[in-house]
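Taking it in order: structure first as structure tokens, then the write-up.
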């Protein structure tokens, strides 16, 4: 995927964790842990987990059924917007290059 490579490392990590956690309801967390032990360990431990928890983007001790808070959903949307803009920029550059090659061919330069 082009856009994820254009994000910085922190954005990539936060995007991956928030995206996964936003899809898992708190009441199915135990089932997810048993079924996907590697992924669980990757997303529920470490520096990224701690940072997101400290900043209030995820919460495991709330009455809400979701792990990702409203603030976390906002951050996820912002990161998805960055990803979309990166993909749009890459697509535009490729389209311009194709157009220039087609123009050069039509003018007999190539």
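Numbering (our numbering), first residue to last: 910 to 1019.
Ideal Cβ positions, reconstructed from N, Cα and C, are used throughout, including at glycine.
Quick caveat: nothing in here was measured; it's all calculated off a predicted structure.
Residue range of the alpha helix (DSSP H) that residue i falls in?
{"i": "residue 981", "result": "979 to 1015"}
{"i": "residue 962", "result": "955 to 963"}
{"i": "residue 946", "result": "946 to 952"}
{"i": "residue 921", "result": "918 to 930"}
Compare the C-alpha of residue i against each of the options and name the closest.
{"i": "residue 934", "options": "957, 954, 972", "result": "972"}
{"i": "residue 982", "options": "932, 944, 955", "result": "932"}
{"i": "residue 976", "options": "1013, 936, 944, 1012", "result": "936"}
Is the CB-CB distance between residue i and residue j below 8 angstroms?
{"i": "residue 927", "j": "residue 985", "result": "yes"}
{"i": "residue 920", "j": "residue 988", "result": "yes"}
{"i": "residue 952", "j": "residue 942", "result": "no"}
Contact defined as beta carbons within less than 8 angstroms: I believe residue i pairs with residue j. What is the distance between those atoms, to the nearest angstrom?
{"i": "residue 1009", "j": "residue 967", "result": "No, residue 1009 and residue 967 are not in contact; Cβ-Cβ is about 46 angstroms, not under 8 angstroms."}
{"i": "residue 923", "j": "residue 957", "result": "6 angstroms"}
Stretch-stretch touch, CB-based, cutoff 8 angstroms, three pairs: the segment 993 to 1009 with the segment 961 to 974:
no
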